[in-house]
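A.B. asks: The structure is given below, and queries will be raised subsequently.
Numbering (the numbering used here), first residue to last: 40 to 451.
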């Protein structure tokens, strides 16, 4: 039984300190520095040849804004900057100091200076990053570890930055594809609610003086209007509760995630985009891992969590089991019936020529462009669809309200 690893101590939080002092010529200077303590600030200033006379912690503003969260874009920029610094011959600790202090996001500054403190204490880069799993996942840490072992860390960081940028671009396109159907539903709901709450009651007051039976369609719309006015709070509670419940269920239940991801893959129009996006992310991630020299079985384990779809993730895990028993990657992909023939053939060519990473990079480029084109086509299709849906809703309500007017002749 493996021994339990002790939990790493939490790194001290960095703060902003305002200081005053004198340089080697006796000139008075002042500035501000982010550090964990006053003692570290004084030590850093003396190292720079500055004699500190006053160091104090900067007071937080009374109504301080919440810190911005660290995004995947922040991590991608950090990877690119760190790669550039190391390629220029700047030592790792100094690179972290420069990148960390120059970042606009205070949360990112705290994170990088915390990692810098761990590295100064003798921890390797990969374990130091692994202490922050929310920002640096297993895939990121595995790639950094491979780069450290092979002595090509700056090259791997550059590949990681490219990988992060590409995968975030795919995520953005998927969000854009899902936004339009959601926008149609939300706009239709808002317009319908406004008409039922504010417009239909005005017509109802007129209908009450007609003295004639209203058409069934008009009665249905009036009844719906009265229900919305009386029970709007119930509807609001049901909608809000459903969104909250389904959101939590998606996070906690693997079965529900599998069901929802499978439904997305089978959905018309959007399903094609989801398939292509999952293949693009699979190819991009696997190519990056291959180029880093990560063994295939270990690489597929990390790739399974990076496809963005649990159905494809499970298929990759089954591929990993097949590859672990000695099967080729091409045969393992064929058995899943999830990958197009072109992708399987490209991988087969890569295995024969020893250039799997190059072939997968080409596959990723192709499918990323396919996703881009499909999202643009979906946007063009749904823009008139939104107008059509709103036209049907508004037109239907207008017809329902004007039908009784055509019966006025029977009363007069």
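Think of the CB as a built atom: it goes at the ideal place given N, C-alpha and C, for glycine as much as any other residue.
Predicted model, so just to flag it, every value in this text is computed and none were measured.
From residue 329 to residue 376, what does the alpha carbon distance come to, in whole angstroms?
C.D. replies: On the chain shown, position 290 is the one that residue 329 refers to. On the chain shown, position 337 is the one that residue 376 refers to. Near 23 Å, if we compare the C-alpha coordinates of residue 376 and residue 329.
A.B. asks: Taking residue 173 as the reference, which of 353, 119, 406, 114 has the closest Cα?
C.D. replies: Residue 173 sits at position 134 when you count from the first residue of the chain shown. Minimum Cα distance to residue 173 is reached at 114.
A.B. asks: Among residues of its own chain, excluding the 5 on either side of residue 220, which ones have a beta-carbon nearer than 6 Å to its beta-carbon?
C.D. replies: One-based indexing of the chain shown puts residue 220 at position 181. So the list is empty, once near-sequence residues are dropped.
A.B. asks: Does the ligand GTP have a heavy atom nearer than 6 Å to the CB of residue 384?
C.D. replies: With respect to the ligand GTP, the structure offers nothing, as it holds no ligand at all.
A.B. asks: Straight-line CA distance for residue 280 to residue 272?
C.D. replies: As a first step, residue 280 is located in the chain shown; it is residue number 241 there, counting from the start. As a first step, residue 272 is located in the chain shown; it is residue number 233 there, counting from the start. Approximately 12 Å between the Cα atoms of the pair.
A.B. asks: Count Cβ pairs between the segment 228–248 and the segment 135–148 that sit closer than 8 Å; are there 3 or more?
C.D. replies: The answer is no - the segment 135–148 does not touch the segment 228–248, with fewer than three Cβ pairs under 8 Å.
A.B. asks: How is the beta strand (DSSP E) around residue 90 delimited, first residue to last?
C.D. replies: Position 51 of the chain shown, counting from 1, holds the residue named residue 90. Segment 90–96, the beta strand (DSSP E) holding residue 90.
A.B. asks: Going by alpha carbons, who is nearest to residue 399 out of 321, 217, 311?
C.D. replies: Stepping through the chain shown from its first residue, residue 399 is reached at position 360. That would be 321, whose Cα lies nearest to the Cα of residue 399.
A.B. asks: Tell me the rounded alpha-carbon separation between residue 371 and residue 334.
C.D. replies: Here residue 371 refers to the residue found at position 332 when the chain shown is read from its first residue. Here residue 334 refers to the residue found at position 295 when the chain shown is read from its first residue. Cα to Cα, residue 371 sits roughly 16 Å from residue 334.
A.B. asks: Tell me where the alpha helix (DSSP H) around residue 404 begins and ends.
C.D. replies: Here residue 404 is taken as the residue at index 365 of the chain shown, counted from 1. Segment 395–441, the alpha helix (DSSP H) holding residue 404.
A.B. asks: Would you check if the distance between the CB atom of residue 356 and the CB atom of residue 341 is smaller than 7 Å?
C.D. replies: Taking the first residue of the chain shown as position 1, residue 356 is located at position 317. Taking the first residue of the chain shown as position 1, residue 341 is located at position 302. For residue 356 and residue 341, no; Cβs fall outside 7 Å.
A.B. asks: Three or more beta-carbon pairs under 8 Å between the segment 154–166 and the segment 119–134, yes or no?
C.D. replies: They touch, by the three-pair rule.
A.B. asks: Helix, strand or coil for residue 68 per DSSP?
C.D. replies: Position 29 of the chain shown holds residue 68. Three-state result, residue 68: strand.
A.B. asks: Can you tell me whether DSSP reads residue 101 as helix, strand or coil?
C.D. replies: Position 62 of the chain shown, counted from the first residue, corresponds to residue 101. Model confidence at residue 101 stands at a pLDDT of 46, short of 50, so the residue's coordinates are unreliable; what they give is reported in the following sentence. In this structure, residue 101 counts as coil in the three-state DSSP scheme.
A.B. asks: For residue 85, which residues from the same chain have a beta carbon less than 6 Å from its beta carbon, with the 5 sequence-adjacent residues on both sides left out?
C.D. replies: Position 46 of the chain shown holds residue 85. Here the set comprises nothing.
A.B. asks: Specify, as a first and last residue, the run of the alpha helix (DSSP H) that residue 341 falls within.
C.D. replies: Sequence index remark: in the chain shown, residue 341 carries index 302 (1-based). Its alpha helix (DSSP H) spans residues 335–343.
A.B. asks: So what's residue 75 in DSSP terms, helix, strand or just coil?
C.D. replies: Position 36 of the chain shown holds residue 75. Coil at residue 75, not helix or strand.
A.B. asks: So, helix, strand or coil for residue 137, using DSSP?
C.D. replies: The sequence position of residue 137 within the chain shown is 98, counting from 1. Residue state, collapsed to three classes: helix.
A.B. asks: When DSSP builds the beta bridges, which residues end up paired with residue 57?
C.D. replies: Stepping through the chain shown from its first residue, residue 57 is reached at position 18. Paired residues: 71, 95.
A.B. asks: Return yes when the Cβ of residue 443 is within less than 7 Å of the Cβ of residue 246, no when it is not.
C.D. replies: As a first step, residue 246 is located in the chain shown; it is residue number 207 there, counting from the start. As a first step, residue 443 is located in the chain shown; it is residue number 404 there, counting from the start. Their beta carbons are under 7 Å apart, which means residue 246 touches residue 443 by this criterion.
A.B. asks: Quick check on this structure: which residue in 430, 123, 110, 59 has the alpha carbon closest to the alpha carbon of residue 94?
C.D. replies: Within the chain shown, numbered from 1, the residue matching residue 94 stands at position 55. Measuring from the Cα of residue 94, the nearest candidate turns out to be 59.
A.B. asks: Beta-carbon within less than 6 Å of residue 126's beta-carbon, same chain only, minus the 5 sequence neighbours each way: which residues are those?
C.D. replies: One-based indexing of the chain shown puts residue 126 at position 87. Counting only Cβ-Cβ distances below 6 Å, and skipping sequence neighbours, we find 193.
A.B. asks: Would you say the segment 420–436 touches the segment 211–225, given that touching needs at least three Cβ pairs under 8 Å?
C.D. replies: Because the criterion of three Cβ pairs below 8 Å is met, the segment 420–436 and the segment 211–225 touch.
A.B. asks: Tell me which same chain residues have a C-beta within less than 7 Å of the C-beta of residue 439, skipping the five on either side of it?
C.D. replies: In the chain shown, the residue the question calls residue 439 occupies position 400. If we look at residue 439 and ignore the five residues flanking it on each side, its Cβ neighbours are 256, 257, 260.
A.B. asks: Rounded to whole angstroms, what is the Cα-Cα separation between residue 79 and residue 176?
C.D. replies: One-based indexing of the chain shown puts residue 79 at position 40. One-based indexing of the chain shown puts residue 176 at position 137. Straight-line Cα distance between these residues: approximately 30 Å.
A.B. asks: Under a Cβ-count criterion, where at least 16 other Cβ atoms within 10 Å of its own Cβ denotes burial, should residue 139 be classed as buried or exposed?
C.D. replies: The sequence position of residue 139 within the chain shown is 100, counting from 1. It is buried - the Cβ of residue 139 has at least 16 other Cβ atoms within 10 Å.
A.B. asks: Buried or exposed: which applies to residue 124, given that a residue is buried once 16 or more other Cβ atoms fall within 10 Å of its Cβ?
C.D. replies: By one-based count along the chain shown, residue 124 stands at place 85. Burial call: buried.
A.B. asks: State the start and end residues of the unbroken alpha helix (DSSP H) segment that holds residue 166.
C.D. replies: Here residue 166 corresponds to residue number 127 of the chain shown, with the count starting at 1. Start and end: 164–169.
A.B. asks: May I ask you to verify whether the segment 292–312 touches the segment 392–407, counting CB pairs closer than 8 Å and requiring at least 3?
C.D. replies: Flag = no, the segment 292–312 and the segment 392–407 do not touch.
A.B. asks: Alpha helix (DSSP H) containing residue 321: first to last residue?
C.D. replies: The residue given as residue 321 occupies position 282 in the chain shown. Residues 309–330.
A.B. asks: Here's a check: name, in chain order, each residue in its chain whose Cβ is nearer than 6 Å to the Cβ of residue 331, leaving out the five neighbours to either side.
C.D. replies: Residue numbering aside, residue 331 sits at position 292 when the chain shown is read from its first letter. Excluding residues within five positions, the ones whose Cβ falls inside 6 Å are 182, 185, 195.
A.B. asks: Can you give the beta carbon distance from residue 205 to residue 410, rounded, assuming they're within the 8 Å contact cut?
C.D. replies: Here the question's residue 205 lines up with position 166 in the chain shown. Here the question's residue 410 lines up with position 371 in the chain shown. That pair is no contact at about 11 Å.
A.B. asks: When we look at the beta-carbon of residue 364 and count the other beta-carbons within 10 Å, is it buried (16 or more) or exposed?
C.D. replies: Counted from its first residue, the chain shown places residue 364 at position 325. Label assigned to residue 364: exposed.
A.B. asks: Locate the alpha helix (DSSP H) running through residue 113, then write down its first and last residues.
C.D. replies: Counting from one through the chain shown, the residue named residue 113 turns up at place 74. Run containing residue 113: 111–126, per the alpha helix (DSSP H) assignment.
A.B. asks: Quick one: residues in its chain with C-beta nearer than 6 Å to the C-beta of residue 301, no 5 flanking neighbours on either side, listed in chain order?
C.D. replies: The sequence position of residue 301 within the chain shown is 262, counting from 1. For residue 301, where only same-chain residues beyond five positions count, the Cβ hits under 6 Å are 350.
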